[in-house]
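Numbering (the UniProt record's numbering), first residue to last: 1 to 229.
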């Protein structure tokens, strides 16, 4: 009897003993095997062994629209992949700016500004002169996040600045008494954490925080759970 002729529940039981390398090799045998092995149910146990695959301990899936095989491949590359080191841009002083890449644009903070540089991926270089500069803080930029319409930044001056990526308009949201160390945003919601021991929740249309959560220590990290609506 061929492997593909076995009942599906038996196949699932057999494949549960294989690691990610063996599953990948098995998927190359034939089209029918490829189709079956690529199912998320086959990769679920393997995905639990890797970081950031979106599979929680209770078995729930944070990113059901992304094939589990691809998430395992990405997680494995992060752990064991090979990389090459290239210096794309350099500063005279030693500093570690906050940075984020969006397509072929690299956004990075420099003192009180956020600069946008175009990246030439084929040439492996960055244009040294930014094509756009976002300002508005009276102190260093601590963190920023991006979405399709806005660049949202937090600074050592205790303010959040919402920059429109289309019109260039900006809105300031003062509310923290000390620097804002962390920031996250999803849809219309902004969440910030500060050295003043508070976490604040904002909306893009509000001029003041909608909710304040007091803690007992400086807040270093905040994140919005993407699975919660």
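Just so you know, even glycine gets a beta-carbon here, dropped at the ideal spot from N, CA and C.
Span separating the alpha-carbon of residue i from that of residue j
| i | j | result |
| --- | --- | --- |
| residue 23 | residue 15 | 8 Å |
| residue 148 | residue 128 | 24 Å |
| residue 198 | residue 214 | 5 Å |
| residue 165 | residue 134 | 9 Å |
| residue 42 | residue 12 | 6 Å |
| residue 79 | residue 48 | 14 Å |
| residue 193 | residue 176 | 9 Å |
| residue 36 | residue 5 | 12 Å |
| residue 10 | residue 3 | 10 Å |
| residue 230 | residue 138 | Nothing about residue 230 can be read from this structure; the chain reaches only from 1 to 229. |
| residue 218 | residue 202 | 19 Å |
For residue i, the residue or residues it bridges with in DSSP
| i | result |
| --- | --- |
| residue 182 | 193 |
| residue 102 | 105 |
| residue 61 | 55 |
| residue 162 | 152 and 171 |
| residue 119 | 126 |
| residue 146 | 151 |
| residue 231 | The chain is shown only over 1 to 229; residue 231 falls outside these bounds and no answer can be derived. |
Per-residue DSSP class, three states only, for residue i
| i | result |
| --- | --- |
| residue 215 | coil |
| residue 42 | helix |
| residue 210 | coil |
| residue 133 | strand |
| residue 49 | coil |
| residue 205 | coil |
Where residue i falls, given that 16 or more other Cβ within 10 Å makes a residue buried
| i | result |
| --- | --- |
| residue 130 | buried |
| residue 179 | buried |
| residue 101 | exposed |
| residue 209 | buried |
| residue 221 | exposed |
Residue-chain proximity (residue i, chain D), Cβ-Cβ < 8 Å
| i | result |
| --- | --- |
| residue 30 | The question asks about chain D, but that chain is absent: this structure has only one protein chain. |
Quick test of the definition: if touching needs 3 or more C-beta pairs under 8 Å, does the region 50-64 touch the region 31-38? Output reads no: the region 31-38 does not touch the region 50-64.
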